[in-house]
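Keeping their order, the protein sequence lines are chains A and B.
Quick note, my numbering runs 92 ahead of the 1-based positions in the first sequence.
Mapping of the second sequence onto my numbering: position 49 corresponds to residue 32, and the numbering continues sequentially without gaps.
First comes the structure, then the notes that go with it.
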Amino acid sequence: QQQVRQSSQSLTVWEGETAILNCSYENSAFDYFPWYQQFPGEGPALLIAIRSVSDKKEDGRFTIFFNKREKNLSLHIKDSQPGDSATYFCAASDTNAYKVIFGKGTHLHVLP
Amino acid sequence: NAGVIQTPRHKVTGKGQEATLWCEPISGHSAVFWYRQTIVQGLEFLTYFRNQAPIDDSGMPKERFSAQMPNQSHSTLKIQSTQPQDSAVYLCASPSDNYAEQFFGPGTRLTVL
C-alpha cells in the first residue's frame, strides 16, 4: 500500500513553462508535507514544505498548493529552467511521529 | 558545516562478500536515519537512531543487515553475504528538530556483482 503517491514518473516541459507535479496521500494524520529535489549523484535536498493548516506555500519560483479535503497537493515550478531538471519527491509526515513517507519521485526534464 | 558525510561513495562487492557503509551526521543532530534507494522501490526506510540508541529497525532485512551508532559522530550499516538484489544507493540522513526536514548525505552506491 503506497501511502504517498506521485502521479507521474516523468514529466517534460519547455524552458519558461510552469511544471506541475502532483501528489496524493492516504493517511489523514499526515500534517506536514515537504518536497525534496534530487540531482544525479546527490542525496535529496529539502526544497519547500507546507503544513496542513495552509493551502498554499510560495518560495520564489516554487509553490505548493494543498487540498486537505481531497488529500492531494501539487508543486508548481514557474518559469522552469534546464537547471531544474531533477527528481522531485513528495513526502508526508505526522509531526507526532518520526517517520517521513516518500513518494517514488517524478523525474522532471526541462528542455531548453 | 560539511553536511552529512558518507563513505565510500561507491562500493563494488562480489556476491557473498561483506560491505560496511559509513555515515557521519551533522554535528549536533541527535538522530540518524538510513534509507535504501532503488528505481523500482524509491526511498525505503531502513533504520533510525536517536541519541545513538536504536529506535526502529523495522525496515532492515533481518538476516544480513545490521546497523550501529557507536558514538554521536558516526553510524555504520553492515551488509553480510551481499546479494545482487542489495545493489542500491544507501542514504544516510540527519534531521533537524523537525524530523520531516531531513538532511541527506550524497549516498553510497553499492554494486554487488
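Glycine included, C-beta positions come from ideal geometry on N, C-alpha and C.
When DSSP states are grouped into helix, strand and coil, D69 (chain B) belongs to the helix group. Only residues of its own chain outside the window of five on either side were considered, and among them S185 have a CB closer than 8 Å to the CB of K191 (chain A), listed in chain order.
If you ignore the 5 residues before and after N159 (chain A), its C-beta comes within less than 8 Å of the C-beta of D147 and L165, all in its own chain and listed in chain order. Judged by beta-carbon spacing, A183 (chain A) lies within the 9 Å limit of F125 (chain A), meaning their Cβ atoms are closer than that value.
In the structure shown, the three-state DSSP call for G175 (chain A) is helix. Under the three-pair Cβ rule at 8 Å, the stretch 35 to 50 of chain B counts as touching the stretch 62 to 80 of chain B. Within chain B, the C-beta atoms nearer than 9 Å to that of A137 (chain A) come from F86 and F87, in chain order.
Taking 9 Å as the cut-off, the Cβ atoms of Q0 (chain B) and L74 (chain B) do not count as close. Closest option to G135 (chain A), judged by alpha-carbon separation, among A:G175, A:F181 and A:P174: A:F181.
Per DSSP, D80 (chain B) lies in no beta strand (DSSP E) and is assigned neither H nor E.
Residue contact with chain B for P126 (chain A): present (Cβ-Cβ distance below 9 Å to some residue of chain B). For a cut-off of 8 Å, the C-beta gap from K163 (chain A) to I156 (chain A) is around 14 Å, too long to register as a contact.
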